[in-house]
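Numbering (my numbering), first residue to last: 253 to 362. Every residue, glycine too, gets a C-beta built ideally from N, C-alpha and C. Small disclaimer: the values here were computed from a predicted structure and weren't measured. Here is the structure we will look at.
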């Protein structure tokens with residue numbers, strides 16, 4: 253129960269920092285929120301890998317799918333922060349990537 257609560261808190265914190273990072277008006281704020289988003293995502297990924305190791309023979313495919321989704325989320329986040337950093341990207345693309353990451357985080361089977 254505690255791990256599930258921590259997972260949901262990390263998901264909401266990732267979404268909050270990702271939103272503020274994509275809508276940051278300055279490079280300094282983008283770097284700050286981008287770093288926090290990466291740190292929170294890495295901690296969520298490490299929790300999921302730990303759960304995968306603990307429940308190895310029982311639910312291998314289920315937890316492997318969750319880890320694969322988190323890697324996909326990591327790739328989307330890195331690409332959107334790179335685009336924002338290079339050109340302060342298009343708001344429409346930022347909105348769609350934010351919606352995609354939010355849906356992947358919320359639709360992930362917990």
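| Asked | Found |
| --- | --- |
| Residue span of the alpha helix (DSSP H) that contains residue 343, given as start and end | 343–359 |
| Residue 291 versus residue 324 - alpha carbon distance | 16 Å |
| Residue closest to residue 293, alpha-carbon to alpha-carbon, out of 276, 327, 306 | 327 |
| Residue 284 (DSSP reduced to helix, strand or coil) | helix |
| Touch test, the region 327–337 against the region 268–280, Cβ-Cβ under 8 Å, three pairs minimum | yes |
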